Structure formats: structure tokens, C-alpha cells
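Visitor: Starting off with a structure, shown below.
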Amino acid sequence: MYPDHTPHGPAQRPVEVHQPTPIQPAVMQPAPLIPVQPHTVPTVASIVLPDGRIITGYTVNPVQPEPITAKPAVSRTAVNVALGGIGFGAVCGGLLLLTTFIAALAALIQQLIILAAVIFGGWIAVQVLTHRDTSGGTTVNIRKAVVKRNHFHN
662 MYPDHTPHGP AQRPVEVHQP TPIQPAVMQP APLIPVQPHT VPTVASIVLP
712 DGRIITGYTV NPVQPEPITA KPAVSRTAVN VALGGIGFGA VCGGLLLLTT
762 FIAALAALIQ QLIILAAVIF GGWIAVQVLT HRDTSGGTTV NIRKAVVKRN
812 HFHN
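Each residue of the sequence shown is one higher than the last, beginning at 662 in this note's numbering.
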């Protein structure tokens, strides 16, 4: 058997009564008065309903939608792409001139190196091939000789 039951039926428990705690009403304090300029006070309107009731309230101005700005005839993206292309073209022209200048400068340096080599080589050739009259050398006079069978005869 269950512990709550007796052989004659369910056990009788005493009834507990709970009393709710009353809630005290909040003390209503008047709202603080905010000074309002006379020109900012909205107008009050009254409406009479078909059943005779009168509703009074402030008039509400209808919400004005934001003015729609006119779209330009050409999109800003297209203008930006066009300006970027113009700038790129200007830079490419400058780069082309820069590369041309560098190539001309390299050719000038190459010509100067070749000119220096030719002048220096000519100076060395003149130094080697020029006859020097020095007193310290040996003078050899060659007479008319007849060469027969690899022998010199006078």
C-alpha cells in the first residue's frame, strides 16, 4: 500500500490557506513641468465620434518622406574608372619617356667608353711605333749584301 493511503481510502491532510499579500498602490507624483516656449506648443484638436464621444488630442503632422535625390546621368563608378584610365595613360607616357631617356643615356655612356678606348689605344700605338733618337742605343749599318746559300758575302 501507499504511505498516503489507509485501508479505508486516501489519507486526509489538513488544508492550508494562503492569504495573498496586498500590494500598496504607488503614490502618483505629478510629472515635473518643463518650460515650453509658446511657439513650440502644438495645437489641440477635438474630434466628435458618431456615437457622440469627443476625443481631444494634439494634431500630428503627416510624416513627409525624404526628398528623393536625382541620380546623376553618369554613375560615379564610370567617372572614377574614366579618370583612372586618363591618369594611367599619363603615367604610361611619362614612363615611356623615362625609358627612352635611360636608353639614350646608356648609348651615350657606351659611345664615350668606345671613344676613350680609341683615343687611348691610338696614344699607345704612337708611343710604341715612334722612333726615338737616344744616344744610349746601338747603331747597326747594313750594307748591300748578297745572300748565297745562307751565307752573307760582302
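Heads up, the beta-carbon is just placed ideally off N, CA and C, and yes, glycines get one too. Since the model is a prediction, treat every value here as computed from it, not as a measurement.
Return the Cβ separation of T631 and S707 in integer angstroms, given the expectation that the two are a contact with Cβ distance under 8 Å.
Guide: The structure shown does not extend to residue 631, since the chain is modelled only from 662 to 815, so the question has no answer here.
Visitor: Where does I780 sit, in a helix, a strand or coil, going by DSSP?
Guide: I780 falls in the helix class under three-state DSSP.
Visitor: Tell me which residue opens and which closes the beta strand (DSSP E) that G718 is part of.
Guide: Start and end: I715 to Y719.
Visitor: Roughly how many angstroms separate the alpha carbons of C753 and P728, rounded to a whole number?
Guide: Going by the C-alpha atoms only, they are around 44 Å apart.
Visitor: Checking 8 Å against the spacing of the C-beta atoms, do V724 and I715 come in under that value?
Guide: Not in contact: V724 and I715 (Cβ atoms no closer than 8 Å).
Visitor: Please return the same chain residues whose Cβ sits closer than 8 Å to the Cβ of A751, not counting the five positions on each side in sequence.
Guide: Excluding sequence neighbours, A751 sits near nothing in its chain.
Visitor: I'd like the list of long-range same chain contacts for T757, defined as Cβ closer than 7 Å, with 5 residues on each side in sequence excluded.
Guide: First, the amino acid is wrong: residue 757 is Leu here, not Thr. Nothing meets the Cβ criterion.
Visitor: According to DSSP, is V709 part of a helix, a strand, or is it coil?
Guide: Reduced to three states, the DSSP call for V709 is strand.
Visitor: Alpha carbon to alpha carbon, how far is P726 from Q690? Give it in angstroms, no decimals.
Guide: When rounded, the distance between both Cα atoms is 39 Å.
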